[in-house]
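Let me begin by presenting the structure, written as structure tokens, before commenting on it.
Protein chains in written order, with the numbering used here: chain A, 44 to 756; chain B, 7 to 105.
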């Protein structure tokens, strides 16, 4: 509570104010006494200020803030409402205490007075009139003892200071608030009067003093004696309950009265005052670049909306739902908030250096640091001058010499790639808008600068990928090493968006040339779950964008890539892997499409066709006798669809002889699938899928699964 | 994340750079209270708060037999799909041992 909406409300300690007591101090003291003497202690941790608490805030009036909502008009539109709600019980409690102590100051004092009254039966009789029931008094003693903390004792001592001085000594006494003296005039007088009477009965005095040092059990025993050996618990508890109930009733009434009383403060703040306070609060959360500062939330929201839309939830519902999550309140408030945010953002842009503001008349400085830009406590010179050095000079090409493929080196490269990819994505979001009329000059400058920065980042990323390291310097090639990590695979689609077409081609060339050293080509990766995940990842991240690239490549490029593929890799080995087969299929089908002159590409000339045929024959002869081995043992039909696709691509370009070879080699698989599909054991859709797979291949040959004669079993 | 400076070459400048290298990799985390975690590191921060995926948690419990004062060491394992690890309990972060 020492912070009031970001303002430091802790006033300077009142040094000279100890003698002159004021109402606030009195109230605060009373409140503390109430807290320990009357409350049952269930929420004590709320008040636990800890050892660091300097008691400065004791001087403040901390209650009366339950009508802040009315005063500030904030309602529940802002986050602070949620925070306030969390401590609502504490606030409520304080308020109740406040009301109670205001109204029942007299009652409290009498209950304190009654503390002495229970010393002996004789006193009980004497003071019964006009004072609370003895049982109630006992319970209040009980309450104060059961909750006894050092502080509670001190405060008790403070109120009746001179009585207990010899017992507690000056040390503890000094800790108690001296301001308590004299202020409790009536209560002190009462006590004094009691003491005088007590002094009259000489034998009571030592007993009374002694009691203060009794342990809990002793007190209990003493109480038992006082009440003639009868247990006092039940009586005390009932009385306590009743007292509680009564006080609850009273509190409710008081609260209403108080609300009515403070209602005169409604409208004390003007709208601009409220806006000002709102701004201070919101400025902590606001950012003009949500994608950089709140990236995950942005992405998550986008993904979630997309997902919901796919599920068939209309977009307007999605919108309103996501709106509800981030903000409540009506449109007007929202609009006002947005205007506020705009102002804050522009303010922040105007004064980027300022870290705090001192407003005239304010009690403290207002920090303009945000959550995302916290106050800097340490000034550490950050790794020299890499920013300056890399900014001007063109980035140095990766040195081919000492390139190693030790794991953490490669991991370091991958992290650098990510760093640049993120920077590039950020740059893209900050792309200057196209120039408007009359502003070409300024906009042109901005665009030129943006292009330059973007280019530098893209070049750095390109270098970090290490694609241009010559083949054969290290094995496996650095780029392949990057791809052998799953995060290396995952970054490729994001990398490709920032590459120039010729860079993409270089990447593809390098990939094709070193294909067999990819870990996804190893046969054993099919054995375990993790390996299969890697293959899936490869198929989902690297194949699609490159497929897009190849499907627009001219014939010459396709021929060149396939030639390199066959040249540099063991075809039998590569074709057994799913990614390898996918790439082969890709090249074959693209070449076939171009040969048939589809699209806007010119039909390849004679020389290119011959070149292609030669390549095709080489591939075919290498794979001959291995076609049936492409099928994985025990593969389910969903898993071998890529093999059928490849066979279809082969069959389309094959000569009659080659087609014959193909059919002979995979005859068994064709029959197996057709027979499996015809048996009744299989679910219809699965059977259809099997037939569909086989037909991929058979249709390429001009055949159909229905024509396959199933031998009688 | 944009503030991450590129790790020059294989230059590791501070301990957290090493943790960064383990992003998206399986790691081993030793925690206070005789707990160990093995999982894939999705995210971390300067406090070593971490988000781990596909985690196996191993808790070593020492049961003391009251009569014989005999200590029985018990190992409890549990698996979590996703786990947030508060950094104040982290003792050690390392790549999983090869063994």
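Backbone N, C-alpha and C fix where the C-beta goes; we use that ideal spot for every residue, glycine too.
- Residue 38/B is outside the set of residues whose beta carbon lies under 8 Å from a beta carbon in chain A.
- Exclusion of the five residues before and after residue 708/A leaves 670 and 671 as the residues of its chain whose Cβ lies within less than 6 Å of its Cβ.
- In the three-state scheme derived from DSSP, where H, G and I count as helix and E and B as strand, residue 100/B is classed as strand.
- Checking the DSSP bridge columns, you'll see residue 69/B partnered with 78/B.
- Residue-level contact by beta carbon holds for residue 30/B and chain A, with a gap shorter than 8 Å.
- A distance of 8 Å or more separates the beta carbons of residue 26/B and residue 102/B.
- Not flagged as an interface residue toward chain A: residue 47/B, since no C-beta distance is shorter than 8 Å.
- By the neighbour-count definition (other C-beta atoms within 10 Å, threshold 16), residue 740/A is a buried residue.
- Relative to residue 565/A, the option among 607/A, 622/A and 667/A whose CA is nearest is 622/A.
- Of all residues in the segment 521-537 of chain A, only 528, 529, 530 and 533 come within less than 8 Å of chain B when Cβ atoms are compared, listed by chain position.
- For residue 50/B, the three-state secondary structure derived from DSSP is strand.
- In this structure, DSSP gives residue 628/A a helical state, which the three-state scheme calls helix.
- Only residues of its own chain outside the window of five on either side were considered, and among them 740 have a CB closer than 6 Å to the CB of residue 690/A, listed in chain order.
- Within chain A, the residues placing a beta-carbon under 7 Å from that of residue 27/B are 451, 454, 455 and 458, ordered along the chain.
- DSSP, read as helix, strand or coil, puts residue 660/A in helix.
- The criterion of a C-beta distance shorter than 8 Å is satisfied by residue 475/A and residue 489/A.
- Between the segment 72-81 of chain B and the segment 45-52 of chain B there are fewer than three inter-stretch CB-CB distances shorter than 8 Å, so the stretches are not counted as touching.
- Under the DSSP assignment, residue 37/B falls outside any alpha helix (DSSP H), being part of the beta strand (DSSP E) whose first and last residues are 32-37.
- Annotated three-state conformation of residue 84/B is strand, per DSSP.
- In the structure shown, residue 56/B adopts extended strand secondary structure according to DSSP, grouped into three states.
- For residue 604/A, the closest of 470/A, 573/A, 547/A and 460/A by C-alpha to C-alpha distance is 547/A.
- Membership of residue 479/A in any alpha helix (DSSP H) is not indicated, and neither H nor E is assigned to it by DSSP.
- With contacts defined as CB atoms closer than 8 Å, residue 477/A and residue 487/A fail to qualify as a contacting pair.
- Residue 734/A is positioned such that its CB atom lies no closer than 8 Å to that of residue 743/A.
- The alpha carbon of residue 598/A has as its nearest neighbour, out of 625/A, 629/A and 355/A, the alpha carbon of 629/A.
- Non-local beta-carbon contacts of residue 593/A in its own chain, meaning distances under 6 Å to residues more than five positions away in sequence, involve 629 and 633 in chain order.
- Contact check for residue 577/A against residue 557/A fails: the beta carbons are separated by 8 Å or more.
- Contact between residue 673/A and residue 614/A does not hold, since the beta-carbon distance rounds to 11 Å and is not under 8 Å.
- Secondary-structure assignment with DSSP links residue 44/B through a beta bridge to 34/B and 62/B.
- Here DSSP, grouped into helix, strand and coil, assigns residue 91/B to strand.
- In the structure shown, the three-state DSSP call for residue 20/B is coil.
- Taking every protein chain shown into account, the CB of residue 90/B has fewer than 16 other CB atoms within 10 angstroms, so this residue is exposed.
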